[in-house]
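Before any comments, here is the structure.
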Amino acid sequence: GVPRKPGMTRDDLFNTNASIVRTLVEGCAKYAPNAVLAIISNPVNSTVPIAAEVLKKAGVYDPKKLCGVTTLDVCRANTFLAANQGMDPKDIDVTVIGGHAGITILPLFSQVKGVNISSEDLDAMTVRTQFGGDEVVQAKAGAGSATLSMAYAGWLFTENVLKALRGDTDIVQCAYVESSITDAPYFASPCKFGKDGVEEVLPFGDLTPYEQAWFDKMIPDLKKQITKGEEFVNN
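When we follow my numbering, the leftmost residue of the sequence shown carries the number 1326, and every step to the right adds one.
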């Protein structure tokens, strides 16, 4: 797909990238129906449902083998928290739930043990995790969006999928998948990966009142973006 330019949201990419993802997934359905597909083209909240509907039409949809890559949100949350706490990002693993766009991104900093965050810093880090991509787009001033960090996140995610496929156990990472743990039909949460792809969609634990407020705000947006993807294929 194409990257964002200044002033664009991920959703502004829909018209271009929706068609690209549909065409690519049609090819996957025909020639590699059993592959695990990791969708990284934005808007991921909509392109994963697009891929699902294409695979359903081809009769080869398996929810265990389709996921959206939200690893960059985890990398950002780890980085911001590490800087705030004087820690190494490698020693932190923030669970980030929801989707992969703006307020649908919800880092659960409250679940990281041994950290003490002021309410001001919590708010700043949450919003920066949600809109960190916009910082990059603005800084590049028309030259694209996140590239190296997205490549790194894609590599991290894919390495874990491959390790699970070869039989490694206890591979758990956040991914945007078909899910029944909320009202949204697709949702990012920790997932256990195995030899067939997504082995189990795990619960994300208890939310603080602060996180619950973001969660309640996020769900209607996320549902709309999912519906937009499904309707693109079916209408």
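Just so it is clear, CB atoms sit at the ideal spot from N, CA and C, and this is done for glycine as well.
Check                                                                                                                       : Outcome
Segment limits, alpha helix (DSSP H) that includes Q1537                                                                    : P1534 to N1559
Inter-residue spacing [alpha-carbon to alpha-carbon] between V1558 and V1523                                                : 24 Å
Backbone CA spacing between K1553 and P1358 [nearest angstrom]                                                              : 24 Å
Chain-order list of residues whose beta-carbon lies under 6 Å from that of V1385 (same chain, five-residue window excluded) : A1354 and P1358
Reduced DSSP secondary structure (H/G/I, E/B, other) of I1365                                                               : coil
Rounded distance between the beta-carbons of D1398 and T1454, thought under 8 Å                                             : 6 Å
Alpha-carbon to alpha-carbon, N1342 and L1481                                                                               : 23 Å
Per DSSP, cross-strand counterpart(s) of K1295                                                                              : This structure leaves residue 1295 out entirely; the chain is present only between 1326 and 1560.
7 Å Cβ shell around N1370 - same chain, five flanking residues per side excluded                                            : G1424, H1425, A1426, T1429, L1547, Q1550 and I1551
Contact under 9 Å by Cβ, S1470 with R1401                                                                                   : no
Beta-carbon gap between I1422 and L1406 smaller than 9 Å                                                                    : no
Residue burial classification, K1390 (beta-carbon count within 10 angstroms, cutoff 16)                                     : buried
Span separating the alpha-carbon of N1410 from that of T1507                                                                : Note that residue 1410 corresponds to Gln in the displayed sequence, not to Asn. Taking the straight line joining both Cα atoms gives about 31 Å.
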